[in-house]
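All residue numbers for the sequence shown refer to the numbering used here, where the first residue is 13 and numbers rise by one.
In this text, a Cβ means the ideal position worked out from N, Cα and C, and glycines have one as well.
This structure is a prediction, so every number in the text was calculated from the model and none was measured.
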Amino acid sequence: MPKTPAAPTVPDWSRRLKLRHLDVFRALVESSSLTAAAESMHLTQPALSHWLRELEDAVGTPLLIRGRRMRLTPAGEVFLRHARRMLGDVERTRADVAAVGAAGIGPVG
Numbered sequence: 013m014p015k016t017p018a019a020p021t022v023p024d025w026s027r028r029l030k031l032r033h034l035d036v037f038r039a040l041v042e043s044s045s046l047t048a049a050a051e052s053m054h055l056t057q058p059a060l061s062h063w064l065r066e067l068e069d070a071v072g073t074p075l076l077i078r079g080r081r082m083r084l085t086p087a088g089e090v091f092l093r094h095a096r097r098m099l100g101d102v103e104r105t106r107a108d109v110a111a112v113g114a115a116g117i118g119p120v121g
């Protein structure tokens, strides 16, 4: 009997990933500064640093090079591309669900 291919597995770190991690990462990249990102997100610098450390520990590789200005590592560039896409998908989903709710469309079926 032929074997069916196994379903792709989701890496353990992605199960612990929160939208907040993506949002914090995006804010860090866009501001290039821990101080500016913390201010824009209404967080303390230590809290923001903790979020970044938690994200990098989960992913297993540095995403940003710390310095006067934060810079993306090659892994960070890849992660940013996907983070922006995921956050965009979440926003589009929110808008679509809100539109359906506003239209008064009830349960289907």
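*Can you find at least 3 beta carbon pairs, one from the segment 99 to 115 and one from the segment 54 to 73, that sit closer than 8 Å?*
no
*asked:* One question on the structure: do M98 and L46 come within less than 7 Å of each other, judged by their Cβ atoms?
replied: no
_Nearest-angstrom Cβ-Cβ length linking A70 and L40, presumed shorter than 8 Å_ = Contact doesn't hold; Cβ gap of about 15 Å is too wide.
*Going by DSSP, which residues form a beta bridge with R83?*
I77
*Simplified DSSP assignment, three categories, for M53*: coil
_Host alpha helix (DSSP H) of A39 (start-end)_ = L31 to S43
*Does the beta-carbon of W25 have 16 or more other beta-carbons within 10 angstroms, so that it is buried, or is it exposed?*
exposed
*In whole angstroms, what is the alpha-carbon distance linking A127 and L84?*
Outside the shown range of the chain (13 to 121) lies residue 127, about which nothing can therefore be said.
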